[in-house]
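Using the working numbering, the letters of the sequence shown correspond one by one to residues 163 to 328.
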Amino acid sequence: MFIDVKQLFEAEGQAISFTHDLDLSSIELWGTAPFDRPIHLSGTVFHRAGIVSIVYEAKLDYNLMCGRCLERQRREETYRFEHVLVRQLNEEDNGDFIVVSGNQLDLDDLATSDILLELPSVVYCREDCKGLCPVCGANLNETDCGCNLKQPDPRLQVLSELLKES
């Protein structure tokens with residue numbers, strides 16, 4: 163979705179409200195497609211005190227695998243974003259502003275970047291998730307597999323032999 167912001171840059175006090183459903187089903191993160199439902203965006207682009215800004219919320223529903231037990235986890239989140247819009251930058255690289263070229267703000271591109279940067283890199287099904295057994299791979303939240311988890315690390319076997327000699 164493109165928003166024509168030409169009138170906002172030319173006249174103070176103007177505002178444009180929007181709602182939009184963003185489809186990110188083609189995005190793949192960590193080997194999975196977390197967005198199987200559209201993301202609802204709603205917000206306003208406005209010119210106040212000589213500054214053109216965008217403020218919007220993204221309501222999303224995504225699913226990722228737990229970082230410990232690999233079970234799918236569905237989460238609902240609402241993120242709020244705010245950016246200052248400019249037509250051009252006076253300095254070379256300034257990440258504080260969004261450059262709008264051709265008076266068209268690409269809301270899909272902006273929201274996609276914001277959302278992907280906001281997502282957690284690891285999701286846990288619960289805070290005390292026990293994860294998978296390193297020996298047999300069983301989900302330790304569901305069963306006690308009975309494996310001996312106190313097996314010595316084979317890389318440290320040489321050290322234990324040194325301790326026996328003394």
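Glycine included, every Cβ here is placed at the ideal spot set by N, Cα and C.
### Rounded straight-line distance, which links the Cα of C309 to that of L321
Here residue 321 is taken as the residue at index 159 of the sequence shown, counted from 1. Here residue 309 is taken as the residue at index 147 of the sequence shown, counted from 1. One C-alpha to the other measures close to 24 Å.
#### Entry: Straight-line Cα distance separating R249 from D268
Counting from one through the sequence shown, the residue named residue 268 turns up at place 106. Counting from one through the sequence shown, the residue named residue 249 turns up at place 87. Whole-angstrom Cα-Cα distance: 13 Å.
### Query
Nearest CA to the CA of R237: which residue from V284, H245 and Q319?
Translated into positions along the sequence shown, residue 237 becomes position 75. The residue with the shortest Cα to Cα distance from R237 is V284.
### Query
For L267, which residues does DSSP report across the bridge?
Here residue 267 is taken as the residue at index 105 of the sequence shown, counted from 1. Paired residue(s): I165.
#### Entry: F243 versus K292 - alpha carbon distance
Numbered from its first residue, the sequence shown carries residue 243 at position 81. Numbered from its first residue, the sequence shown carries residue 292 at position 130. So the alpha carbons of these two residues sit roughly 35 Å apart.
### Query
Taking buried to mean at least 16 other C-beta atoms within 10 Å of its own C-beta, is V214 buried or exposed?
In the sequence shown, counting from the first residue as 1, residue 214 sits at position 52. So V214 counts as buried.
### Task
Use the C-beta contact count for C298: other C-beta atoms within 10 angstroms, 16 or more gives buried, fewer gives exposed.
What you label residue 298 is simply residue 136 of the sequence shown in a count that begins at 1. Classification of C298: exposed, given that the 10 Å Cβ count is below 16.
### Message
Within 10 Å of its beta-carbon, does A220 have 16 or more other beta-carbons around it, so buried, or fewer, so exposed?
### Response
In the sequence shown, counting from the first residue as 1, residue 220 sits at position 58. Buried, by the Cβ-count rule.
### Per DSSP, the bridge partner or partners of G205
Stepping through the sequence shown from its first residue, residue 205 is reached at position 43. DSSP, once it has assigned bridges, lists F180 and Y218 as partnering G205.
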